[in-house]
Amino acid sequence: MRRALALLLAGVLALGAGWIRGYAQATAPARQEARELLYLPNGRYLKLVSLGFAPLLADAIYLWAIQYYADYQRADRFRYVRHVFGDVIAELDPHYLDPYWLGALILTVEAGDLEGGLALLELGFERNPDAWILPYLAGWEAARFGALERAIAYFERAAAVPGAPSFVRRLPAGMYRRAGHLEEALRRWQALLYDPQSDEMTRAIAERQVRDLIVRLDLDRLREALARFEREQRRRPVALEELVRLGYLERIPRDPDGRPYRYDPHSGTVGTEASRILGER
Amino acid sequence: MSRHDGTPGLGGAVAAIGLNTFREAIRDRVLYLLLAFALVIILAARVLSLLTVGSEAKIIKDLGLSAIALFGVLTAVFVGVSLVFKEIERRTIYTLLAHPVPRWQFLAGKYLGVGGVLTIEVAVMSGTLALVLGWKGEAFGPLLPAVALIWVELLLVAAVALLFSTCTNPLLATLGSLAVYVAGHLVWSLELLQSRLVSGWQRAVCQALYWVLPNLELLDLKPEAVHGLPVSASEVGLAAAYGLAYAAALLLLAVVVFERREFAD
Numbered sequence: 002m003r004r005a006l007a008l009l010l011a012g013v014l015a016l017g018a019g020w021i022r023g024y025a026q027a028t029a030p031a032r033q034e035a036r037e038l039l040y041l042p043n044g045r046y047l048k049l050v051s052l053g054f055a056p057l058l059a060d061a062i063y064l065w066a067i068q069y070y071a072d073y074q075r076a077d078r079f080r081y082v083r084h085v086f087g088d089v090i091a092e093l094d095p096h097y098l099d100p101y102w103l104g105a106l107i108l109t110v111e112a113g114d115l116e117g118g119l120a121l122l123e124l125g126f127e128r129n130p131d132a133w134i135l136p137y138l139a140g141w142e143a144a145r146f147g148a149l150e151r152a153i154a155y156f157e158r159a160a161a162v163p164g165a166p167s168f169v170r171r172l173p174a175g176m177y178r179r180a181g182h183l184e185e186a187l188r189r190w191q192a193l194l195y196d197p198q199s200d201e202m203t204r205a206i207a208e209r210q211v212r213d214l215i216v217r218l219d220l221d222r223l224r225e226a227l228a229r230f231e232r233e234q235r236r237r238p239v240a241l242e243e244l245v246r247l248g249y250l251e252r253i254p255r256d257p258d259g260r261p262y263r264y265d266p267h268s269g270t271v272g273t274e275a276s277r278i279l280g281e282r
Numbered sequence: 101m102s103r104h105d106g107t108p109g110l111g112g113a114v115a116a117i118g119l120n121t122f123r124e125a126i127r128d129r130v131l132y133l134l135l136a137f138a139l140v141i142i143l144a145a146r147v148l149s150l151l152t153v154g155s156e157a158k159i160i161k162d163l164g165l166s167a168i169a170l171f172g173v174l175t176a177v178f179v180g181v182s183l184v185f186k187e188i189e190r191r192t193i194y195t196l197l198a199h200p201v202p203r204w205q206f207l208a209g210k211y212l213g214v215g216g217v218l219t220i221e222v223a224v225m226s227g228t229l230a231l232v233l234g235w236k237g238e239a240f241g242p243l244l245p246a247v248a249l250i251w252v253e254l255l256l257v258a259a260v261a262l263l264f265s266t267c268t269n270p271l272l273a274t275l276g277s278l279a280v281y282v283a284g285h286l287v288w289s290l291e292l293l294q295s296r297l298v299s300g301w302q303r304a305v306c307q308a309l310y311w312v313l314p315n316l317e318l319l320d321l322k323p324e325a326v327h328g329l330p331v332s333a334s335e336v337g338l339a340a341a342y343g344l345a346y347a348a349a350l351l352l353l354a355v356v357v358f359e360r361r362e363f364a365d
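Protein chains in written order, with my numbering: chain A, 2 to 282; chain B, 101 to 365.
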């Protein structure tokens with residue numbers, strides 16, 4: 002009987018405590034957003050007192066940060082991203098790669114802060130020079146913001162990491178082309194095509210890119226010479242050979258299949274019949 | 101193993117006391133910790149997929165190694181501190197010491213027993229972690245050096261607990277053992293403090309403490325193992341040799357203290 006009464010009393014007290022807690026939480030005054038982040042100490046200090054459990058502490062803060070940043074309603078939610086991911090988690094566990102790229106993506110994709118995101122990825126790469134994924138992601142983020150020259154530099158760094166996958170080695174060449182540096186892109190693709198370390202897929206892609214870039218560069222040179230010819234001679238050449246004869250070109254190029262480029266003297270346009278060429282001819 | 105005069109041989113007495121200590125720890129439901137460990141790891145593996153972005157395996161490895169270390173330290177301290185005290189409290193020490201069993205054999209047996217419990221505990225927890233990692237398609241092998249050094253750390257902490265157990269009551273022994281464990285992970289601060297001190301004797305005290313306290317950070321290879329960073333065999337070997345030598349020194353000290361202790365009825 003006494004035991005049953007004690008149990009009943011314990012149950013009533015527990016329910017009462019639960020109700021008070023709910024009431025206290027519901028009626029608590031609204032706190033300033035990101036208040037809990039304000040007092041999160043730098044990971045360097047947390048690490049010193051972590052008693053050998055620094056990686057576990059980093060995991061816990063990382064899991065908490067994911068839940069925190071998944072709440073899109075928070076005002077001022079991007080203010081401490083660099084602190085949480087760079088100063089706290091990365092200091093606790095410098096080799097933990099996920100927080101670098103997740104923090105960087107929050108900054109670049111959500112906050113539109115390219116510099117902040119790149120700084121976080123740079124920090125990660127500085128501490129993990131074998132993590133090609135970090136400059137690789139930095140390259141794509143820079144490219145997404147139109148900073149193609151920086152993207153090239155990041156892809157170059159990713160490709161230089163020993164053990165980086167073969168597709169990463171193709172990225173600088175591709176980005177040179179996207180940035181409009183066709184001659185450099187051609188040199189890069191040719192280097193990949195003749196590199197004995199390139200795998201079969203890289204060689205196949207490089208071969209196609211080399212053919213395509215040769216045609217693009219030849220057509221550009223021909224069009225430029227034709228335009229100059231027309232401007233200076235006030236007529237169109239009868240045939241492409243006339244460009245060489247009058248000194249506008251050193252020689253008439255041939256397409257990768259060894260055929261001459263198509264020229265229409267009436268419209269003044271040049272084109273190609275070369276096979277396996279991407280896009281406009 | 102017994103001698104002709106009826107007294108147990110060196111190995112026999114130590115083994116008998118060790119086995120008895122091991123059984124006692126099992127009876128104290130120490131192995132329930134193993135069940136708690138298995139539940140923590142399996143639940144974590146299930147829940148993490150909902151909470152994390154990126155590699156779950158890294159967190160499972162961190163959690164697993166930390167739990168092995170933490171549950172192990174709790175076992176080493178709580179079993180270790182009661183080793184001698186229980187015998188005194190139950191007055192079984194008088195029966196034991198009435199036999200021709202040298203006191204050092206008694207302590208060696210006790211340590212062997214707690215060492216056995218810790219070994220089984222680390223082995224079972226590691227096996228559970230290996231199974232969970234295998235289920236996630238991850239290898240356990242690279243974590244082995246870290247587990248080996250955790251085991252050495254636990255043996256060292258058990259030796260600290262046994263030393264305290266020979267000279268004080270379980271409450272003080274628990275506080276003392278946990279304090280040494282915490283201080284062992286904070287020895288870097290003594291080095292720092294030493295560089296800030298001007299006075300000669302204060303610096304000397306700091307330096308003495310720095311060398312006397314165990315440097316448990318040396319036995320922590322968890323981050324390297326989890327991230328697959330290169331760790332040389334000599335690094336692991338030196339750390340293990342340091343830990344085992346320190347534990348052996350503590351055991352000898354415990355024997356000296358225990359030999360001098362008088363038991364009044």
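Glycine is no exception: its CB is placed at the ideal position from the N, C-alpha and C atoms.
Quiz prompt | Phe206/B beta carbon less than 9 Å from that of Ala115/B | solution = Here residue 115/B refers to the residue found at position 15 when the second sequence is read from its first residue. Here residue 206/B refers to the residue found at position 106 when the second sequence is read from its first residue. Not in contact: Ala115/B and Phe206/B (Cβ atoms no closer than 9 Å).
**Message:** I want to see whether chain B comes within less than 9 Å of Val162/A, judged by CB atoms only; does it?
**Reply:** By one-based count along the first sequence, residue 162/A stands at place 161. Cβ-Cβ to chain B under 9 Å: no for Val162/A.
Pairs of beta-carbons, one from the region 47-58 of chain A and one from the region 314-334 of chain B, closer than 8 Å: are there three or more?
yes
Check whether Leu97/B and Phe240/B have beta carbons under 9 Å apart
Only positions 101 to 365 of chain B appear in the structure, and residue 97/B is not among them; the question remains open.
> With contact counted as at least three CB pairs below 8 Å, one residue from each stretch, are the region 98-111 of chain A and the region 120-137 of chain A in contact?
Replying inline: yes
Checking the sheet assignment: what are the DSSP bridge partners for Asp94/A?
Your numbering for residue 94/A matches position 93 in the first sequence. According to DSSP, which records beta bridges pairwise, Asp94/A is partnered with nothing at all.
Report task. Go ahead and pull the three-state DSSP assignment for Tyr323/A. Result -> Examination of residue 323/A is not possible in this model, given that chain A is present from 2 through 282 alone.
If we ignore side chains and look at the alpha-carbon of each, how far apart do Gln302/B and Val13/A end up? Here residue 302/B refers to the residue found at position 202 of the second sequence. Here residue 13/A refers to the residue found at position 12 of the first sequence. Looking at the two C-alpha atoms, the distance is approximately 58 Å.
Just by C-beta distance, which residues in the region 97-109 of chain A are closer than 9 Å to chain B? Tyr97, Leu98, Asp99, Pro100, Trp102 and Leu103
Tell me, to the nearest whole angstrom, how far the beta carbon of Gly44/A is from that of Ala120/A; I am working on the premise that it is less than 8 Å. Residue numbering aside, residue 44/A sits at position 43 when the first sequence is read from its first letter. Residue numbering aside, residue 120/A sits at position 119 when the first sequence is read from its first letter. Going by Cβ atoms, the distance from Gly44/A to Ala120/A rounds to 16 Å, so no, they are not a contact pair.
Query - Backbone secondary structure at Leu293/B - three-state DSSP - result: Residue mapping note: residue 293/B aligns to position 193 of the second sequence, counting from 1. Residue state, collapsed to three classes: helix.
Check: Within 9 Å (strictly less), CB to CB, does Trp288/B reach chain A?
Finding: Taking the second sequence and counting its residues from 1, one reaches residue 288/B at position 188. Yes, because at least one Cβ of chain A sits closer than 9 Å to the Cβ of Trp288/B.
Secondary structure at Thr268/B, three-state DSSP: helix, strand or coil?
To locate residue 268/B, count along the second sequence from 1; it is residue 168. Here Thr268/B sits in coil by DSSP.
Could you give the uninterrupted runs of the alpha helix (DSSP H) lying entirely in the region 79-125 of chain A, keeping only those of 4 residues or more? 98-106
Are the C-beta of Arg103/B and some C-beta of chain A separated by less than 9 Å? Working through the second sequence from its first residue, we reach residue 103/B at position 3. With a pLDDT of 45 at Arg103/B, under the threshold of 50, the modelled position of that residue is not reliable, and no figure is offered here.
Taking buried to mean at least 16 other C-beta atoms within 10 Å of its own C-beta, is Leu218/B buried or exposed? Taking the first residue of the second sequence as 1, we reach residue 218/B at position 118. Under this definition Leu218/B is a buried residue.
request  = State the Cα-Cα distance for the pair Arg151/A and Trp235/B, rounded to the nearest angstrom.
outcome  = Taking the first residue of the first sequence as position 1, residue 151/A is located at position 150. Taking the first residue of the second sequence as position 1, residue 235/B is located at position 135. The alpha-carbon atoms of Arg151/A and Trp235/B are separated by roughly 41 Å.
> Is the Cβ-Cβ distance between Asp265/A and Val216/A less than 9 Å?
Replying inline: Reading the first sequence from its first residue, position 264 is the one you call residue 265/A. Reading the first sequence from its first residue, position 215 is the one you call residue 216/A. In this structure, Val216/A does not lie closer than 9 Å to Asp265/A by Cβ.
In chain B, which residues lie with their C-beta within 9 Å of the C-beta of Phe168/A?
Looking up residue 168/A in the first sequence gives position 167. Neighbours of Phe168/A across chain B, judged by C-beta separation under 9 Å, do not exist; the nearest C-beta is about 21 Å away.
- Task: Can you say whether Leu108/A is buried or exposed, counting buried as having 16 or more other CB atoms within 10 angstroms of its CB?
- Result: Here the question's residue 108/A lines up with position 107 in the first sequence. That one is buried.
So for Val271/A, helix, strand or coil by DSSP? Position 270 of the first sequence, counted from the start, is the residue given in the question as residue 271/A. In the structure shown, Val271/A sits in a strand (DSSP, three-state: E or B).
In terms of residues, what are the limits of the alpha helix (DSSP H) holding Phe146/A? Translated into positions along the first sequence, residue 146/A becomes position 145. Taken as a continuous stretch (DSSP letters only), Phe146/A belongs to no alpha helix (DSSP H), as it is neither H nor E.
With 16 as the cutoff for other CB atoms within 10 Å, does Gly106/B come out buried or exposed?
Here the question's residue 106/B lines up with position 6 in the second sequence. With a pLDDT of 47 at Gly106/B, under the threshold of 50, the modelled position of this residue cannot be trusted, and the question is left open.
Pick out the complete beta strand (DSSP E) segments inside the region 278-347 of chain B, 3 residues or longer, and give them in chain order.
none
Practice task
Quick one: residues in its chain with C-beta nearer than 6 Å to the C-beta of Ser290/B, no 5 flanking neighbours on either side, listed in chain order?
Solution key: As a working mapping, residue 290/B is identified with position 190 in the second sequence. According to the sequence provided, residue 290/B is Leu. The question's Ser does not apply to it. The residues are Cys306, Leu309 and Tyr310.
**Study point:** Expected contact under 8 Å - CB spacing of Ile206/A and Arg171/A to nearest Å
**Key:** Here residue 206/A refers to the residue found at position 205 when the first sequence is read from its first residue. Here residue 171/A refers to the residue found at position 170 when the first sequence is read from its first residue. Yes, Ile206/A and Arg171/A are in contact; Cβ-Cβ is about 6 Å, under 8 Å.
Worksheet item: Using DSSP with H/G/I as helix, E/B as strand and the rest coil, what is Arg360/B?
Response: The residue you call residue 360/B lines up with position 260 of the second sequence. In the structure shown, Arg360/B sits in a helix (DSSP, three-state: H, G or I).
task: With a 10 Å radius around its C-beta and 16 neighbouring C-beta atoms as the bar for buried, classify Pro173/A as buried or exposed.
output: Against the first sequence, residue 173/A aligns to sequence position 172. That one is buried.
Practice item. Consider the Cβ of Gly53/A: report whether some Cβ of chain B lies at a distance smaller than 9 Å. Key: By one-based count along the first sequence, residue 53/A stands at place 52. It does: the Cβ of Gly53/A has a partner Cβ on chain B nearer than 9 Å.
Point to revise | Alpha-carbon spacing of Asp219/A relative to Gly269/A, whole angstroms | key: Counting from 1 along the first sequence, the entry for residue 219/A is found at position 218. Counting from 1 along the first sequence, the entry for residue 269/A is found at position 268. Each residue's Cα considered, the two are about 15 Å apart.
| Does the distance from the C-beta atom of Val357/B to that of Leu263/B stay below 9 Å? | In the second sequence, counting from the first residue as 1, residue 357/B sits at position 257. In the second sequence, counting from the first residue as 1, residue 263/B sits at position 163. Taking 9 Å as the Cβ cut-off, Val357/B and Leu263/B qualify as a contacting pair.
Practice item. Decide if Val287/B is buried, meaning its Cβ has at least 16 other Cβ atoms within 10 Å, or exposed. Key: If you number the second sequence from 1, residue 287/B lands on position 187. Buried: at least 16 other Cβ atoms inside 10 Å.
Quiz prompt | Three-way DSSP call (helix, strand, coil) for Arg151/A in this model | solution = Your numbering for residue 151/A matches position 150 in the first sequence. Three-state result, Arg151/A: helix.
Worksheet item: Is Ala339/B closer than 9 Å to Val252/B when the C-beta atoms are compared?
Response: For the purposes of this step, residue 252/B is identified with residue 152 of the second sequence, where counting begins at 1. For the purposes of this step, residue 339/B is identified with residue 239 of the second sequence, where counting begins at 1. Contact: yes.
(Q) Looking at the strands, I want to know which residues DSSP matches up with Arg255/A. (A) Residue numbering aside, residue 255/A sits at position 254 when the first sequence is read from its first letter. BP columns for Arg255/A point to Pro261/A.
Subject >> Cutoff 8 Å; reference Ala145/B; Cβ partners in own chain excluding five residues on either side >> reply: Start at 1 with the first residue of the second sequence, and residue 145/B comes out as number 45. Same-chain partners within the cutoff: Glu156, Ile160, Val232, Trp235 and Lys236.
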